[in-house]
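Under full-length UniProt numbering, the residue at position 36 of the sequence shown is numbered 36, and the numbers go up by one with no gaps.
Cβ atoms here follow ideal geometry from the backbone N, Cα and C, with glycine treated the same way.
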Amino acid sequence: MTKARESKGFGKPKTTKTTNVWKAINWAKVQRYVFKLQKRIYQAAKSGQGAKVRKLQRLLVKSYYARLLAVRKVTQDNQGKKT
C-alpha cells in the first residue's frame, strides 16, 4: 500500500488486537467508500464506458474496504440466516 493511500485512511489498521481493530473501524466511512465506487461503476456503465467499468470493478473487488464490508455483512448483519 502506498503512503498516499495510507494517509487518506485506506491503509490497514496498525494495532495488533483483532477485536479492538474491528470495533475501531469507521463503518460509515467504509460504507460511503464502497457505495461511491458502486455509483461510479453504475454511471460508467450507463454512459457506455466499458473499459472504465472493468477498471472500477477490479478496483472494487480488490478494495480492502469492500472486503471489510463483505465480512461484516456475513458475520454480523446476516449471521448465517440465509446461507
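Leaving out the 5 sequence neighbours to the left and right, which residues in its chain are closer than 8 Å to residue 41 when beta-carbon positions are compared?
On the sequence shown, residue 41 is found 41 positions in, with the first residue counted as 1. So the qualifying residues of the chain are 53, 56, 57, 60.
How big is the Cα-Cα spacing for residue 78 and residue 68?
Sequence index remark: in the sequence shown, residue 78 carries index 78 (1-based). Sequence index remark: in the sequence shown, residue 68 carries index 68 (1-based). Their Cα atoms are separated by approximately 14 Å.
Between residue 49 and residue 39, what straight-line distance do the alpha-carbon atoms span, to the nearest angstrom?
On the sequence shown, position 49 is the one that residue 49 refers to. On the sequence shown, position 39 is the one that residue 39 refers to. When rounded, the distance between both Cα atoms is 14 Å.
Quick check: the Cα distance between residue 73 and residue 27, rounded to an integer number of angstroms?
Stepping through the sequence shown from its first residue, residue 73 is reached at position 73. Stepping through the sequence shown from its first residue, residue 27 is reached at position 27. Using only the alpha carbons, I get a separation of about 11 Å.
Going by beta-carbon coordinates alone, are residue 65 and residue 21 separated by less than 8 Å?
Within the sequence shown, residue 65 is the residue found at index 65, counting from 1. Within the sequence shown, residue 21 is the residue found at index 21, counting from 1. No.
Quick one: what does DSSP say residue 49 is sitting in, helix, strand or coil?
As a first step, residue 49 is located in the sequence shown; it is residue number 49 there, counting from the start. Residue 49 falls in the coil class under three-state DSSP.
In whole angstroms, give me the CA-to-CA distance for residue 29 and residue 44.
Counting from one through the sequence shown, the residue named residue 29 turns up at place 29. Counting from one through the sequence shown, the residue named residue 44 turns up at place 44. Taking the straight line from one Cα to the other gives about 23 Å.
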